[in-house]
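Since the structure comes first, as structure tokens, the remarks are kept for the end.
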Amino acid sequence: MSRDGQPQLGIRELRADLTTHVRRAGAGQRVVITVDGQPIAQLGPLTPTTEPTLDDLAAAGLVRLPVRDDKPAATQSTPTLPVDLAPDRVLAELRGDIPRRR
149 MSRDGQPQLG IRELRADLTT HVRRAGAGQR VVITVDGQPI AQLGPLTPTT
199 EPTLDDLAAA GLVRLPVRDD KPAATQSTPT LPVDLAPDRV LAELRGDIPR
249 RR
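Written out as structure tokens, the structure reads:
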């Protein structure tokens, strides 16, 4: 085992049973390849070159797709605020509070 817990495999063992190890890599297993006991490479599955889609995440069981087909009601539009207006003042005005002076 390597320091990070991945299995290690000598280059001779890899050559002797290459097909088996490549199939394992295709199934998701990673293994560190060593030469004279020194790690030199890693054999494992290809990582996707694009970000996973929502369908990919659902297929992997990482998210659940929505059950409902309807869309939520339109929400009130967000007001446009001046750049120099402090957030605490906006909140105070929305709440009906008197803003504190600094």
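Each residue of the sequence shown is one higher than the last, beginning at 149 in our numbering.
C-beta: ideal position from N, C-alpha, C; glycine also.
Remember, it's a predicted structure, so these values are computed and weren't measured experimentally.
Can you pull the DSSP bridge partners for A208? None, per the DSSP bridge assignment.
Excluding the 5 residues preceding and the 5 following G192 in the sequence, name in chain order all residues of the same chain whose CB lies nearer than 6 Å to its CB. A173, R178
To which residues of the same chain is A189 closer than 6 Å at the C-beta, ignoring the five residues directly before and after it? Here A189 has I181 as same chain residues with Cβ atoms under 6 Å from its own Cβ, once five neighbours each way along the sequence are excluded.
V238 by DSSP, collapsed to three states: which one? DSSP places V238 within a helical segment (H, G or I) once states are collapsed to three.
Starting from L233, follow the alpha helix (DSSP H) in both directions and report where the run begins and ends. Per DSSP, L233 belongs to no alpha helix (DSSP H) and is neither H nor E.
Put T223 into one of helix, strand or coil per three-state DSSP. T223 falls in the coil class under three-state DSSP.
Keeping to the same chain, check which residues put their C-beta closer than 8 Å to that of L229; ignore five residues upstream and five downstream. If the five residues before and after L229 are omitted, its C-beta is found closer than 8 Å to the C-beta atoms of V238, all from its own chain and listed in chain order.
Just confirm the distance between the C-beta atoms of L202 and V215, as a whole number of angstroms; I'd bet it's less than 8 Å. In fact, because the Cβ distance is near 14 Å, the residues do not count as touching under 8 Å.
Bridge-paired residues (DSSP) for V183: Q186
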